[in-house]
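Enquirer: Number 173 in full-length UniProt numbering belongs to position 173 of the sequence shown; there are no gaps in the numbering. Backbone N, C-alpha and C fix where the C-beta goes; we use that ideal spot for every residue, glycine too.
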Amino acid sequence: MYAMRLLAPHTPLQWTELPDPQPGPGQVRVTVGACGVCRTDLHVVDADLPFPGHALTPGHEIVGRIDAIGPNVEGLHMGQRVGIPWLGHTCGCCHYCQTDHENLCDHPLFTGYTRDGGYATKAVADAHFTFPLPDGDDDVAVAPLLCAGLIGWRSLVMAGTDARSIGLYGFGAAAHIIAQVAAWQGRKVYAFTRPGDTKTQEFARSLGCVWAGGSDEAPPEQLDATIIFAPVGALVPAALKAVHKAGRVVCAGIHMSEIPAFSYDLLWEERQIMSVANLTRQDGIDFLERVPRVGIRTTTTPYALKDANKALDDLRHGRFEGAAVLVP
Ligand SMILES: [Zn+2]
Ligand SMILES: [Zn+2]
Numbered sequence: 001m002y003a004m005r006l007l008a009p010h011t012p013l014q015w016t017e018l019p020d021p022q023p024g025p026g027q028v029r030v031t032v033g034a035c036g037v038c039r040t041d042l043h044v045v046d047a048d049l050p051f052p053g054h055a056l057t058p059g060h061e062i063v064g065r066i067d068a069i070g071p072n073v074e075g076l077h078m079g080q081r082v083g084i085p086w087l088g089h090t091c092g093c094c095h096y097c098q099t100d101h102e103n104l105c106d107h108p109l110f111t112g113y114t115r116d117g118g119y120a121t122k123a124v125a126d127a128h129f130t131f132p133l134p135d136g137d138d139d140v141a142v143a144p145l146l147c148a149g150l151i152g153w154r155s156l157v158m159a160g161t162d163a164r165s166i167g168l169y170g171f172g173a174a175a176h177i178i179a180q181v182a183a184w185q186g187r188k189v190y191a192f193t194r195p196g197d198t199k200t201q202e203f204a205r206s207l208g209c210v211w212a213g214g215s216d217e218a219p220p221e222q223l224d225a226t227i228i229f230a231p232v233g234a235l236v237p238a239a240l241k242a243v244h245k246a247g248r249v250v251c252a253g254i255h256m257s258e259i260p261a262f263s264y265d266l267l268w269e270e271r272q273i274m275s276v277a278n279l280t281r282q283d284g285i286d287f288l289e290r291v292p293r294v295g296i297r298t299t300t301t302p303y304a305l306k307d308a309n310k311a312l313d314d315l316r317h318g319r320f321e322g323a324a325v326l327v328p
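1) Buried or exposed: which applies to residue 4, given that a residue is buried once 16 or more other Cβ atoms fall within 10 Å of its Cβ?
2) Compare the C-alpha of residue 286 against each of 314, 156, 75 and name the closest.
3) Could you give the C-beta distance for residue 56 and residue 113, rounded to a whole number, given that I count them as a contact under 8 angstroms?
4) For residue 256, name the three-state secondary structure that DSSP assigns.
5) If you drop the 5 nearest sequence neighbours on each side, which residues of the same chain put their C-beta closer than 8 angstroms to that of residue 330?
6) Is there at least one non-hydrogen atom of ligand 2 closer than 6 angstroms to the beta-carbon of residue 300?
7) In the DSSP output, which residue or residues are listed as bridge partners for residue 329?
8) Quick check: what's the CA-CA separation for residue 321 versus residue 175?
9) Give me the Cβ distance between residue 84 and residue 127, rounded to the nearest whole Å; I'm assuming they're in contact under 8 angstroms.
10) How about residue 280: is its Cβ closer than 6 angstroms to a heavy atom in ligand 1?
11) State buried or exposed for residue 135, treating a residue as buried only when at least 16 other CB atoms are found within 10 Å of its CB.
12) Quick one, which of 222, 291, 258, 208 has its alpha-carbon nearest residue 230's?
13) Since residue 237 is in the beta strand (DSSP E), which residue starts that stretch and which ends it?
14) For a minimum of 4 consecutive residues, which ranges assigned as the alpha helix (DSSP H) are wholly contained in the stretch 59 to 138?
15) Please name the residue in 172, 178, 171 whose C-alpha comes closest to that of residue 152.
16) Give every residue of the same chain whose Cβ lies closer than 8 angstroms to the Cβ of residue 309, excluding the five residues on either side of it in the sequence, and list them in chain order.
17) Check residue 167 in the structure and name its three-state DSSP category.
18) Counting pairs of beta carbons, one from the stretch 258 to 268 and one from the stretch 190 to 204, are three or more of them closer than 8 angstroms?
19) Name the DSSP bridge partner or partners of residue 29?
20) By alpha-carbon positions, which one of 314, 295, 1 ends up nearest to residue 120?
21) Count the C-beta pairs between the stretch 19 to 30 and the stretch 65 to 79 that are closer than 8 angstroms, then say yes if the count reaches three, no if not.
22) Return the CA-CA distance between residue 35 and residue 292, expressed in angstroms with no decimal places.
23) Less than 7 angstroms between the C-beta atoms of residue 329 and residue 146, yes or no?
24) Using 10 angstroms around the beta-carbon of residue 137, count the other beta-carbons present and answer buried if the total reaches 16, otherwise exposed.
25) Can you confirm whether the stretch 298 to 313 touches the stretch 184 to 192 when touching is taken to mean that 3 or more C-beta pairs between the two stretches lie within less than 8 angstroms?
26) When burial is assigned at 16 or more other CB atoms within 10 Å of the CB, is residue 245 buried or exposed?
27) Nearest-angstrom Cα distance between residue 20 and residue 144?
28) Tell me the DSSP secondary structure of residue 390 in three-state form.
Shown next as structure tokens:
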């Protein structure tokens, strides 16, 4: 097999030949059809997240077909199309695992971080942490659903079913999917982009957003909730200003630059700030079940696996709309 490997933080990924991994008990191996490029991958490469101390293969939005099955796997079969997400393993016995918060497990493994991921021709995953996908050949279109879609979904749930108007800060892979879901649910969606990025604002309106503007602008009305997808701490006070009394601000990223000090007035009147961490398997089931009903269309830019460094660089500089996807 081949993989794009991160040998040390802040270095380009290296095209590497490796022996085919063998699935252990409870695991399956897939031939990768496509793997999405997530902002978290940038945080791994840039060591915004602690480097795990060993070479790794990034990538946690994997669509593949099972080509080997380890012992003690039930319910999956050879050739089956599956998705592999960020949460790759949980202990099953800690307080969080036992109280429906497996996303916060004390001893997790994360695909493409503490376990090798999908910037590769083959990948191994725990069978219990794969999602069966309907048959189809457009793996590129499906890959961004596995994290951008899933984390976006969890963030939307956190924003509350009572939030009829929702602002999305950072209109990238996650927002372009979740805007479609929120609009389908009958909510009014407001898109905040980098100031002056009229191209992305137009893109947001084409996906059903009722308003799009720069993150330095105030929305035309105060909102029920906002979700911050951009890793920019300065957006937290801006988002608090955009919500009315009892409004919620959901921080969806795994990493954010420092949040500047702000007046308590912005939080007063029962406004809330919360973060979303990882996903649960139930999130995946709930979201993937809705995908065909909503008729979600992803906007993707495919790259050859060998061009993973270029894909990451283009993501860093916002050079495409929607999501980048690697194709082995
Ligand atoms: Zn646990
Ligand atoms: Zn991700």
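Expert: With the given structure in hand:
1) As a first step, residue 4 must be located in the sequence shown, where it is residue number 4. Flag for residue 4 reads buried.
2) Along the sequence shown, read from residue 1 onward, the residue named residue 286 stands at position 286. Closest option to residue 286, Cα to Cα, is 156.
3) Sequence index remark: in the sequence shown, residue 56 carries index 56 (1-based). Sequence index remark: in the sequence shown, residue 113 carries index 113 (1-based). So it is a contact: roughly 7 angstroms between Cβ atoms.
4) Position 256 of the sequence shown, counted from the start, is the residue given in the question as residue 256. Here residue 256 sits in coil by DSSP.
5) Here the chain covers residues 1 to 328 and nothing more, so residue 330 does not appear.
6) Mapped onto the sequence shown, residue 300 falls at position 300. In terms of side-chain proximity, the C-beta atom of residue 300 is found no nearer than 6 angstroms to any non-hydrogen atom of ligand 2.
7) Residue numbering for the chain in the displayed model covers 1 to 328; residue 329 lies beyond these limits and cannot be assessed.
8) For the purposes of this step, residue 321 is identified with residue 321 of the sequence shown, where counting begins at 1. For the purposes of this step, residue 175 is identified with residue 175 of the sequence shown, where counting begins at 1. So the two alpha carbons sit approximately 11 angstroms from each other.
9) For this step, residue 84 is matched to residue 84 along the sequence shown. For this step, residue 127 is matched to residue 127 along the sequence shown. Rounded, the Cβ-Cβ distance is 10 angstroms, inconsistent with contact.
10) For the purposes of this step, residue 280 is taken as the residue at position 280 of the sequence shown. Taken from the Cβ of residue 280, every heavy atom of ligand 1 lies 6 angstroms or farther away.
11) Position 135 of the sequence shown, counting from 1, holds the residue named residue 135. Label assigned to residue 135: exposed.
12) As a working mapping, residue 230 is identified with position 230 in the sequence shown. The candidate whose alpha carbon is nearest that of residue 230 is 258.
13) Residue 237 sits at position 237 when you count from the first residue of the sequence shown. Residue 237 -> not in any beta strand (DSSP E); alpha helix (DSSP H) instead, spanning 235 to 242.
14) none
15) For the purposes of this step, residue 152 is taken as the residue at position 152 of the sequence shown. Sorting 172, 178, 171 by C-alpha distance to the C-alpha of residue 152 places 178 at the top.
16) Indexing the sequence shown from 1 puts residue 309 at position 309. So the qualifying residues of the chain are 4, 12, 13.
17) Here the question's residue 167 lines up with position 167 in the sequence shown. Here residue 167 sits in strand by DSSP.
18) no
19) Working through the sequence shown from its first residue, we reach residue 29 at position 29. Answer by DSSP bridge pairing, in chain order: 68, 124.
20) Sequence index remark: in the sequence shown, residue 120 carries index 120 (1-based). It is 1 whose Cα lies nearest to the Cα of residue 120.
21) A contact between stretches requires three or more CB pairs, one per stretch, nearer than 8 angstroms, and the stretch 19 to 30 meets this requirement with the stretch 65 to 79.
22) For the purposes of this step, residue 35 is taken as residue 35 along the sequence shown, with counting starting at 1. For the purposes of this step, residue 292 is taken as residue 292 along the sequence shown, with counting starting at 1. Rounded to whole angstroms, residue 35 to residue 292 spans 20 angstroms at the Cα level.
23) Here the chain has residues from 1 to 328 only, and residue 329 is not among them.
24) Start at 1 with the first residue of the sequence shown, and residue 137 comes out as number 137. Under this definition residue 137 is an exposed residue.
25) Contact between the stretch 184 to 192 and the stretch 298 to 313 is absent, because fewer than three Cβ pairs lie under 8 angstroms.
26) Position 245 of the sequence shown, counted from the first residue, corresponds to residue 245. By the neighbour-count rule (16 or more Cβ atoms within 10 Å), residue 245 is not buried but exposed.
27) Here residue 20 is taken as the residue at index 20 of the sequence shown, counted from 1. Here residue 144 is taken as the residue at index 144 of the sequence shown, counted from 1. Going by the C-alpha atoms only, they are around 25 angstroms apart.
28) The displayed coordinates of the chain run from 1 to 328. Any statement about residue 390 would go beyond what the structure contains.
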